[in-house]
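Just so we're on the same page, this note's numbering is the position in the sequence shown counted from 1, plus 289.
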Amino acid sequence: MNIRFTIILLLILSVSFQSSLAQNKRKSVDQKVDSLMLLMTLEEKIGQMNQYNDDQSATGPETIDPDKAGQIIRGEVGSLLNCNGTVRTAGWQKVAMQSRLKIPLLFGQDVVHGYKTTFPIPLAEACSWDMEAIELSARIAATEASAGGIHWTFAPMVDIARDPRWGRVMEGAGEDPYLGSLIAAARVKGFQGDQPGEVNSLMACAKHFAAYGAAIGGRDYNSVDMSNRLLWEVYLPPFKAAVDAGVATIMNSFNDLNGIPATGNQYLQREILKGKWNFSGFVVSDWGSVGEMINHGSVADEYEAALSAVTAGCDMDMESRCYKNNLLRLVKENKVPLALIDEAVRRILRKKFELGLFDDPFKYCNPEREQKELNNPAHPAAARKIAARSIVLLKNQDHLLPLDNSYKTIAFIGPLVKAVKQNKGFWDVEVQGVDSGFIVSQWEGLKRRLDAGTNLLYAKGCNIDGNNKDGFDEAIAVAAKSDVVILSIGERRDMSGEAKSRSNICIPGVQEDLLKALLTTGKPVIVLINGGRPMVFDYTAEHANAILYTWWLGSEAGNAIADVLFGDYNPSAKLPISFPRSVGQIPIYYSYFNTGRPATDDSNRFYNSSYNDLSIYPRYEFGFGLSYTSFAYSNLQLSTKKIKAGESLTASVTITNTGKYEGEEIVQLYLKDKVGSIVRPVKELKDFKKISLKPGESKTISFIIGKEKLSFFNQNLEWVTEPGEFSLMIGASSADIRLEDRFELL
Ligand code: BGC
290 MNIRFTIILL LILSVSFQSS LAQNKRKSVD QKVDSLMLLM TLEEKIGQMN QYNDDQSATG
350 PETIDPDKAG QIIRGEVGSL LNCNGTVRTA GWQKVAMQSR LKIPLLFGQD VVHGYKTTFP
410 IPLAEACSWD MEAIELSARI AATEASAGGI HWTFAPMVDI ARDPRWGRVM EGAGEDPYLG
470 SLIAAARVKG FQGDQPGEVN SLMACAKHFA AYGAAIGGRD YNSVDMSNRL LWEVYLPPFK
530 AAVDAGVATI MNSFNDLNGI PATGNQYLQR EILKGKWNFS GFVVSDWGSV GEMINHGSVA
590 DEYEAALSAV TAGCDMDMES RCYKNNLLRL VKENKVPLAL IDEAVRRILR KKFELGLFDD
650 PFKYCNPERE QKELNNPAHP AAARKIAARS IVLLKNQDHL LPLDNSYKTI AFIGPLVKAV
710 KQNKGFWDVE VQGVDSGFIV SQWEGLKRRL DAGTNLLYAK GCNIDGNNKD GFDEAIAVAA
770 KSDVVILSIG ERRDMSGEAK SRSNICIPGV QEDLLKALLT TGKPVIVLIN GGRPMVFDYT
830 AEHANAILYT WWLGSEAGNA IADVLFGDYN PSAKLPISFP RSVGQIPIYY SYFNTGRPAT
890 DDSNRFYNSS YNDLSIYPRY EFGFGLSYTS FAYSNLQLST KKIKAGESLT ASVTITNTGK
950 YEGEEIVQLY LKDKVGSIVR PVKELKDFKK ISLKPGESKT ISFIIGKEKL SFFNQNLEWV
1010 TEPGEFSLMI GASSADIRLE DRFELL
């Protein structure tokens, strides 16, 4: 036997050994679940399907329940959300240990972008296109939260969003299914670690199933009406990626999809998720969404709501109490077969066993570990790096940035300069006993970075909203005394997030007027734009000397911004979502259809699919972001120009750093299937590579294009390829295509 053969054999044996270990583990968990279920009354089973909010804080319309402890002791509650800290979680777990069968509670929380250490909001992190960084951020969040007694995060939010009026764009990964799927998988892996039950991991929850991001008019909770093609091609892929990555749970959503509320939607939950995709975890409702089906008008009362949701495959009821108050009767009246209850409970208990909670219900409640992890200095250090990688350089006239030490007086102006908590953005966690002094403000970050010889001056200028310009004069005076001005403006952190939809997404108040006033001094102005969504800022886009889109960067915001301003980190981020010029362009996304009268020429608008008063193109397109250096693209080569079905080809391209700074470039591959039985978008992102290059350095990278990248869902929702010609485009953004070629699928 030669060595290669022996190695391959050993590898095969080890893989099959591991998979049989996994199978045995699964079997033994199933046996334990079965034995426990034999002991359970129907009431206790229904209790496992019931989740309550703890009274610490609420993330939805709360129902005050005076007897939570009593209900837990009677086995009527399976899980609590919004309680954190080892003291609080251990306290509730002790109550659960007084129940007849001592079934431990599951503690869930929205650990969306960090726990104590707050990372950039998810949409900002998505700008990094850096799967390792994104996974690490979720890993650290899991390490801290699990040390605080939490078992389960309601994240990642994997909803595709193409409407920045919707406040929840901040929680996802933007507009694109390919990028969104990679990020969904990275976040699931980061939260969950290598295997269930690791003490520093959380169960993840991909949400909101499904199509919640397509709410009509960008109004949160609104209806969704979409074709099956769009659902499968754009909105479902990130969920599928999360399932393939082993996500433990899925949350359904508030919206109706084509007239059927997602919570009671059999097609989504039974047919697709638990059927076609064979998802083995459990489904939790969104907050109160079971009961809200009455408002939708799809059911008459709570009895019917419980029937609809459980039949559709929703295993746990968050906060609506419809299951608790109706499932027993529904089973007794033969409306719900016992088998349905058993299936749901089996899925939930399996997770409790996998987490190791039956061996030790207090496994995640170790105060020493909590102290250690919440004060782990590696966490803020990682947050700082990721935050710098999330900042997008949108404009840099005359290479104003990076700043150097020649500027002796810098004016730092604006309502967000000295703000502290704002930097966290929406969906931060109120960790018990931790104050917000831990956040590095933008002022603090910049001050720390400056050497002793540089003067930093401050003026607030104005508030985030309102019309008051009383502070302008002082701001102008400060700017006039300085060599360069940095202006920090944007939204308030609670202007985006859940229930934070806006019809006007311009930079609020008089902040752009403040910019105009400052520019009268003739000093160069760098604008930092803070916010949770793509905003509209025409004046700034046209007149500022430089623009950094800083989103909400979390605990290390100030340090990360200073790192980028001074070039300690050369920005590499690219937008995962289109920035409109005006609200009238929404929804706007790069992968649109050509139409019969394509808008290829902005000047000939009358017979074009375009607007008479505005370009159809976004202000900043998907995939756009500048660097302090520049990159040249050359030498595109295809390994072949014709492939047969099932074969693949390789496209290689050389990228050269032609500027003065070391930097990273995100090289993007787009494809266009020229003719399809279902019309294909003008281009679709199919791959990308993020590479780092020193000045003058070149690297040749390659992309493999095979069946997966050439397929689409046909009329029958089959994932197929069709023969014909494809355009292959390599670019620095979806609009900045640098090299192009064609090939044919035979
Ligand atoms: C949100 C979910 C969240 C849940 C629990 C709901 O209002 O839509 O995303 O996980 O509350 O906080």
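From the three backbone atoms N, C-alpha and C, an ideal C-beta is built for every residue, glycine too.
Computed from a prediction, not measured in an experiment: that's the story for all the values here.
Outcome for residue i when other beta-carbon atoms lying within 10 angstroms are tallied against a minimum of 16
{"i": "D399", "result": "buried"}
{"i": "V964", "result": "exposed"}
{"i": "Y467", "result": "buried"}
{"i": "Q731", "result": "buried"}
{"i": "K316", "result": "exposed"}
{"i": "D759", "result": "exposed"}
{"i": "G901", "result": "According to the sequence shown, residue 901 is Asn rather than Gly. So N901 counts as exposed."}
{"i": "Q686", "result": "exposed"}
{"i": "Q926", "result": "exposed"}
{"i": "M290", "result": "Residue confidence for M290 is low, a pLDDT of 49 falling below 50, so the modelled location carries little weight; the figure read from the coordinates is stated next. Label assigned to M290: exposed."}
{"i": "Y653", "result": "buried"}
{"i": "N554", "result": "buried"}
{"i": "A1021", "result": "buried"}
{"i": "I794", "result": "buried"}
{"i": "I353", "result": "exposed"}
{"i": "Y896", "result": "exposed"}
Residue i to residue j span [Cα, whole Å]
{"i": "M605", "j": "G798", "result": "43 Å"}
{"i": "D1030", "j": "M1018", "result": "7 Å"}
{"i": "K624", "j": "L1006", "result": "33 Å"}
{"i": "R969", "j": "F882", "result": "7 Å"}
{"i": "T698", "j": "D772", "result": "5 Å"}
{"i": "R282", "j": "S898", "result": "The chain is shown from 290 up to 1035; residue 282 falls before or after that span and cannot be answered."}
{"i": "S470", "j": "R559", "result": "22 Å"}
{"i": "R639", "j": "A499", "result": "24 Å"}
{"i": "N584", "j": "R454", "result": "24 Å"}
{"i": "V401", "j": "A431", "result": "10 Å"}
{"i": "Y404", "j": "K710", "result": "14 Å"}
{"i": "E1011", "j": "K805", "result": "54 Å"}
{"i": "P409", "j": "E953", "result": "20 Å"}
{"i": "V913", "j": "L864", "result": "For clarity, residue 913 is Phe in the given sequence; the question names Val instead. If I take the Cα positions, the gap works out to 5 Å."}
{"i": "T929", "j": "F1032", "result": "8 Å"}
{"i": "L960", "j": "L1035", "result": "16 Å"}
{"i": "Y858", "j": "D852", "result": "5 Å"}
{"i": "N1003", "j": "V1009", "result": "7 Å"}
{"i": "A493", "j": "L807", "result": "47 Å"}
{"i": "R451", "j": "A504", "result": "10 Å"}
{"i": "G397", "j": "I637", "result": "13 Å"}
{"i": "A741", "j": "T829", "result": "31 Å"}
{"i": "A849", "j": "I728", "result": "12 Å"}
{"i": "S597", "j": "P526", "result": "26 Å"}
{"i": "I775", "j": "E460", "result": "28 Å"}
{"i": "A677", "j": "L938", "result": "36 Å"}
Spatially closest choice to residue i from the options, by CA coordinates
{"i": "G602", "options": "I539, I583, N655", "result": "I539"}
{"i": "A888", "options": "V872, Y906, R457", "result": "Y906"}
{"i": "P876", "options": "E986, P823, V579", "result": "P823"}
{"i": "F920", "options": "D590, V579, R1027, I362", "result": "R1027"}
{"i": "A347", "options": "A633, Q874, W576", "result": "W576"}
{"i": "F480", "options": "A531, M459, G506, I836", "result": "A531"}
{"i": "F826", "options": "V718, N848, E780", "result": "E780"}
{"i": "D356", "options": "G374, I335, W381, K334", "result": "W381"}
{"i": "V737", "options": "G985, G847, P869, I796", "result": "Note that residue 737 corresponds to Arg in the displayed sequence, not to Val. Selected option, being the one with the closest Cα: G847."}
{"i": "L903", "options": "Q874, K983, T375, L370", "result": "Q874"}
{"i": "K983", "options": "K949, T989, D465", "result": "K949"}
{"i": "E997", "options": "Q800, D976, E1014", "result": "D976"}
Cutoff 8 Å: residue i Cβ touching any chain D Cβ
{"i": "R635", "result": "Note that chain D does not occur in the displayed structure, where there is just one protein chain."}
Lining residues of the ligand BGC - beta-carbon closer than 7 Å to any non-hydrogen atom, in sequence order: With 7 Å as the limit, the residues whose C-beta approaches any heavy atom of the ligand BGC more closely are T348, G349, L370, N371, D399, F443, M446, K496, H497, M540, F543, D575, W576, M607, E787, in sequence along the chain.
Could you name each continuous beta strand (DSSP E) segment of 3 residues or more that falls completely within the region 738 to 804, going from the start of the chain to the end? List check, beta strand (DSSP E) in window: 744 to 748, 773 to 779.
Could you tell me which uninterrupted alpha helix (DSSP H) segments, each at least 4 residues in length, are contained entirely in the region 313 to 384, listed from first to last along the chain? Within the region 313 to 384, the runs of alpha helix (DSSP H) at least 4 residues long that lie entirely inside it are, in chain order, 331 to 337, 357 to 362.
Any chance you could list the alpha helix (DSSP H) runs of at least 4 consecutive residues sitting entirely within the region 646 to 681, in chain order? If one requires a minimum length of 4 residues, the alpha helix (DSSP H) runs lying completely within the region 646 to 681 are 656 to 663, 667 to 677, in chain order.
Length-filtered (4 minimum) alpha helix (DSSP H) runs lying within the region 449 to 489: Complete alpha helix (DSSP H) runs here, min 4: 466 to 481.
Contiguous beta strand (DSSP E) assignments of at least 3 residues, all confined to the region 383 to 424: Uninterrupted beta strand (DSSP E) stretches at least 3 residues long and entirely within the region 383 to 424 occur at 395 to 398, given in chain order.
Restricting to runs no shorter than 4 residues, where is the alpha helix (DSSP H) found entirely within the region 954 to 986? Whole alpha helix (DSSP H) segments, 4+ residues: zero.
For the region 983 to 1031, list the beta strand (DSSP E) runs that are entirely contained and at least 3 residues long, ordered along the chain. If we require 3 residues or more, the beta strand (DSSP E) runs fully inside the region 983 to 1031 come out as 987 to 994, 1013 to 1020.
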